[in-house]
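Only one structure is covered here, and it is reproduced in the block below.
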């Protein structure tokens, strides 16, 4: 039974009635729940201390370290959900892709995928390949108690972008060249990545994750017609693969205002919104039957308490008519963010929305 399931004849699990899961299910909540993308990480001095001298990918493979890092923002900020500390390229590393996360650069792939023969690099992922994930999540759920744990993965398009480009890109020229010039190879690449991603999410849910988020970080580089034709089918395959577990499925991308409806159509229960689109307008674009997540601009946190509260109030007012709302930033916590500003923000949202 999943951490979110409440089948007839069984008592609900510890996290089932949490504010976060209730909001995801579009049910009444005692207060608007809050969590932050990248809440576990570079903005926290305690994170920098425990990560000192340990490469990023190695830190993702140490269950005790993953547990400590994931718990840090829950202890400090009193957020309503934890998000599993990992990286979107972990499943690719686990199947033997020669890649590394270089400080100040990001994931760098030694042998980019450019031809059909290169697809042979993408073997199936097995639970045994990521046994450290299962171990870490079991440690975490024992510590978290009633606080839900969000599992996550990179969406097929974003993973494909890294694999084809060989690293981060601003133009995605190689990825788009494949998408436009060899649509069959592109479709096969995304389909294979969808299978790998689905297994990675299943491992997390079966170990105890209460919800999952699919990060399509770079989908905003696409026109809606290209997204529908060349990306949506693979994302839908991932969401369909985990639908039977009954856990909320969140979908998020940056610069995806024109894609919000399509991202919901892919199978998400909750659609993440960046700071560019007000939540009431996002709800109109997504349509009924979905909760929304977001969407304070992360840079507002540098502007002082009064400005943070003013802009947060705007987000909450925009969300007032929504069926379900999970408060978050419109992207991840920036590394130089003052942790105390995040703590104050959580308290402010909880106080302002207490019912």
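In the working numbering, the protein residues as written are 1241 to 1595. For each residue, glycine too, the CB sits at the ideal point set by N, CA and C.
Length of the line joining the Cα atoms of residue i and residue j
i, j, result
"residue 1369", "residue 1336", "10 Å"
"residue 1583", "residue 1274", "11 Å"
"residue 1553", "residue 1502", "28 Å"
"residue 1493", "residue 1458", "6 Å"
"residue 1338", "residue 1358", "12 Å"
"residue 1466", "residue 1512", "20 Å"
"residue 1229", "residue 1392", "The shown model of the chain, from 1241 to 1595, leaves out residue 1229, and the question about it has no answer."
"residue 1581", "residue 1429", "42 Å"
"residue 1487", "residue 1265", "9 Å"
"residue 1414", "residue 1261", "39 Å"
"residue 1456", "residue 1307", "25 Å"
"residue 1473", "residue 1451", "21 Å"
"residue 1403", "residue 1299", "22 Å"
"residue 1249", "residue 1439", "Annotation note: pLDDT 33 at residue 1249 (below 50); position unreliable, no value reported."
"residue 1270", "residue 1543", "29 Å"
Three-state secondary structure (DSSP) of residue i
i, result
"residue 1347", "strand"
"residue 1557", "helix"
"residue 1574", "coil"
"residue 1448", "coil"
"residue 1279", "coil"
"residue 1527", "coil"
"residue 1565", "strand"
"residue 1309", "helix"
"residue 1260", "helix"
"residue 1325", "coil"
"residue 1460", "helix"
"residue 1532", "strand"
"residue 1269", "coil"
"residue 1297", "helix"
"residue 1454", "strand"
"residue 1373", "helix"
"residue 1540", "helix"
"residue 1274", "strand"
"residue 1318", "coil"
"residue 1366", "coil"
"residue 1552", "helix"
Beta-carbon spacing of residue i, residue j below 9 Å
i, j, result
"residue 1375", "residue 1311", "no"
"residue 1445", "residue 1364", "no"
"residue 1489", "residue 1507", "yes"
"residue 1278", "residue 1573", "yes"
"residue 1454", "residue 1534", "no"
"residue 1461", "residue 1412", "yes"
"residue 1424", "residue 1352", "no"
"residue 1548", "residue 1519", "no"
"residue 1562", "residue 1538", "no"
"residue 1340", "residue 1389", "no"
"residue 1442", "residue 1482", "yes"
"residue 1495", "residue 1514", "yes"
"residue 1431", "residue 1396", "yes"
"residue 1323", "residue 1305", "no"
"residue 1318", "residue 1510", "no"
"residue 1433", "residue 1499", "no"
"residue 1321", "residue 1565", "no"
"residue 1377", "residue 1484", "no"
Boundaries of the beta strand (DSSP E) in which residue i is found, first to last residue
i, result
"residue 1341", "1339-1342"
Residue range of the alpha helix (DSSP H) that includes residue i
i, result
"residue 1590", "1579-1593"
"residue 1332", "1330-1334"
"residue 1188", "Coverage of the chain is limited to positions 1241 through 1595, which leaves residue 1188 absent and any answer about it impossible."
Residue i Cβ short of 8 Å to the ligand MG heavy atom set
i, result
"residue 1494", "With respect to small molecules bound, the structure shown includes none, and the ligand MG cannot be examined in it."
Checklist entry - Which runs of the alpha helix (DSSP H), 4 residues or longer, sit entirely within the segment 1375-1444? => result Taking 4 residues as the shortest admissible run, the segment 1375-1444 contains the following complete alpha helix (DSSP H) segments, listed from N- to C-terminal end: 1396-1405 and 1413-1421.
Item to check | Contained beta strand (DSSP E) runs [length at least 3] in the segment 1462-1511, N- to C-terminal order | outcome: 1489-1492
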